[in-house]
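The block underneath contains the structure these notes are about, expressed in structure tokens.
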Amino acid sequence: MESKQAEQRVLFYDPERCTGCRFCMISCALEHYNQLNMKKAYLETFFDQKKAMYESVQCQHCEDPVCQNSCPEEAIEKNEATGIVTINPMKCIGCGICVQACPLSVPWMNEDLNVAVKCDFCDGDPKCAKYCSPRATRVIPREEAYRLNERIYGKGGVTKK
Amino acid sequence: MSDLLKRLESNLGKKAKSVSSTKRRRYSITVEPENIVDVAKTLSEVSGGRFMTSTCVDEGLDFSIMHHFDIGGEVVTLGSSIPKENPQLPSIAPVVPAAQWIEREITDLFGVRFEGHPQQEGIIANESWTGQTPPLQKPREGRVVPEYRGAVENVIALGAVVPLSSFTKKKREESGLPSTTITLEDEKALGEVHEVIKRSKADQRAGFDWKKKKLRYK
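Sequences listed follow chains P and Y, in order.
Numbers given in this note's numbering equal positions in the first sequence, counted from 1, plus 91.
Numbers given in this note's numbering equal positions in the second sequence, counted from 1, plus 89.
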């Protein structure tokens, strides 16, 4: 991994600390839509019946994003400096391919705007991590996140090149 | 004494007015309103506490604001009391972001103003509610019933229900009774009475203001 990529900051979720309060989802919806509506959040925290633990699905801002490669209109861009992957709503045609291409189904179709939407990392200060008081969701460098995720999910459990 | 209590006492030092354990796995910290931000920062960053929620209780003359933290499965309550005449408290939202909404909710329901809050606006109350008394705020009333308020005020301030009038003194002299001094005239005696009242916390229970020498309600 290049050193620049390793230093880029990503969201990391620790299921052992999570209490399931959903502040992350509420704060995300409030930040982007000014609504206290969890259905409009760009990440999802849910109770995993098999593991009997809370689990969160959030954008990993992949090194080589599948959504970017799948987009026919080049509406999805990855900022090389910060590593943040964003959808340009002016270019998006609402075909929904990225929704299906993403292994985590992070992007979703916004029926009101008729475009796909996804986590934009709140321009470097994610509100989900800021509001998480048990510090289950937090922002750490990518290299550390890989190491910690390997400990939780086992080797190859994370989308990695 | 448990480990957490010792750690809290050493971490907080003189900033906390009192640190105590109320029951098993429950701890209570009382602070002055100006120290609440420092203590909340220590609890969340040094002790690794998780902010759970805040509660506000209307106690007639004061508001009790309590911030609850979870430190390793044990609940630590950080409480502070503010007078109803000027319900202002420094906001802990800049150091504990998760407290933002609950503080806005307390502002909506009780009318407590949080200084330094990044977003001082309502969150749950209807927009048409502005300008009225907040829905959960009760009238500012102490526990002394109206008939006895004057008497209680005099007893605490002067040490007597009514001062001895010159007419009574004259009558006593005429009938040959020895002269008496009342606590109002004797500073030492009045000081003793005040000391007893302060130790028994009767002034706090009655809601007495020592600066104005009056009860805080009429």
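Don't be surprised by glycine CBs; every beta carbon is placed ideally from N, CA and C.
Can you confirm whether residue i, when its beta carbon is compared against all beta carbons of chain P, has any partner nearer than 8 Å?
i, result
"residue 309(Y)", "Absent from the structure is residue 309(Y), since the part of chain Y shown begins at 90 and ends at 307."
"residue 185(Y)", "yes"
"residue 210(Y)", "no"
"residue 139(Y)", "yes"
"residue 93(Y)", "no"
Starting from the C-beta of residue i, find all residues in its chain whose C-beta is less than 6 Å away, skip the five residues before and the five after it, and write them out in chain order.
i, result
"residue 132(P)", "116, 119, 120"
"residue 220(P)", "228, 229, 230"
"residue 217(Y)", "none"
"residue 305(Y)", "150, 296, 298"
"residue 166(Y)", "117, 155, 157"
"residue 227(Y)", "147"
Give a yes or no on whether 8 Å exceeds the smallest Cβ distance from residue i to chain Y.
i, result
"residue 106(P)", "no"
"residue 138(P)", "no"
"residue 114(P)", "yes"
"residue 250(P)", "The predicted position of residue 250(P) is uncertain, since its pLDDT is 45 and thus under 50; a value taken from the coordinates is nonetheless stated next. Judged by the 8 Å Cβ criterion, residue 250(P) is not in contact with chain Y."
"residue 94(P)", "no"
"residue 147(P)", "no"
"residue 161(P)", "no"
"residue 196(P)", "no"
"residue 156(P)", "no"
"residue 180(P)", "no"
So, is residue i buried or exposed, given that buried needs 16 or more other C-beta atoms within 10 angstroms?
i, result
"residue 151(Y)", "buried"
"residue 137(P)", "exposed"
"residue 177(Y)", "exposed"
"residue 214(P)", "exposed"
"residue 141(Y)", "buried"
"residue 154(Y)", "buried"
"residue 161(Y)", "exposed"
"residue 250(Y)", "exposed"
"residue 96(Y)", "exposed"
"residue 141(P)", "exposed"
"residue 237(Y)", "exposed"
"residue 267(Y)", "exposed"
"residue 208(Y)", "exposed"
"residue 151(P)", "buried"
"residue 222(P)", "buried"
"residue 256(Y)", "exposed"
"residue 197(Y)", "buried"
Could you give the DSSP three-state label for residue i: helix, strand or coil?
i, result
"residue 145(Y)", "strand"
"residue 157(Y)", "strand"
"residue 199(P)", "strand"
"residue 276(Y)", "helix"
"residue 271(Y)", "coil"
"residue 106(Y)", "strand"
"residue 179(Y)", "strand"
"residue 232(P)", "strand"
"residue 167(Y)", "strand"
"residue 250(P)", "Any reading at residue 250(P) must be qualified, since the residue scores a pLDDT of 45, below 50, and its modelled position is unreliable; no value is offered."
"residue 176(P)", "strand"
"residue 119(Y)", "strand"
"residue 155(P)", "coil"
"residue 172(Y)", "strand"
"residue 213(Y)", "coil"
"residue 207(P)", "strand"
"residue 134(P)", "coil"
"residue 292(Y)", "helix"
"residue 105(P)", "coil"
"residue 216(P)", "coil"
"residue 128(Y)", "helix"
"residue 236(Y)", "helix"
"residue 303(Y)", "strand"
"residue 256(P)", "Any answer about residue 256(P) is impossible in this case: the structure gives chain P only from 92 up to 252."
Give me, in chain order, the residues of the same chain whose beta-carbon lies closer than 7 Å to that of residue i; leave out the 5 immediate sequence neighbours on both sides.
i, result
"residue 279(Y)", "248, 272, 273"
"residue 106(Y)", "119, 120, 121"
"residue 252(P)", "Residue placement at residue 252(P) is poorly supported in this model, since its pLDDT is 43, which falls under 50; the coordinates are not used for a value here."
"residue 126(Y)", "179, 181, 184"
"residue 157(P)", "192, 193, 194"
"residue 217(P)", "102, 230"
Once you ignore the five residues that flank residue i on each side, which residues in its own chain have a CB closer than 8 Å to its CB?
i, result
"residue 195(Y)", "143, 145, 154, 201, 203"
"residue 163(P)", "184, 186, 188"
Taking 7 Å as the cut-off, is the CB of residue i close to at least one heavy atom of the ligand MN?
i, result
"residue 306(Y)", "With respect to the ligand MN, the structure shown offers nothing to examine, as it has no ligands at all."
task = Select from the region 124-137 of chain Y all residues with a C-beta closer than 7 Å to any C-beta belonging to chain P, and list them in chain order.
result = none
ask   = Going along the region 205-221 of chain P in order, which residues come within less than 8 Å of chain Y, judged by CB to CB distance?
value = 221
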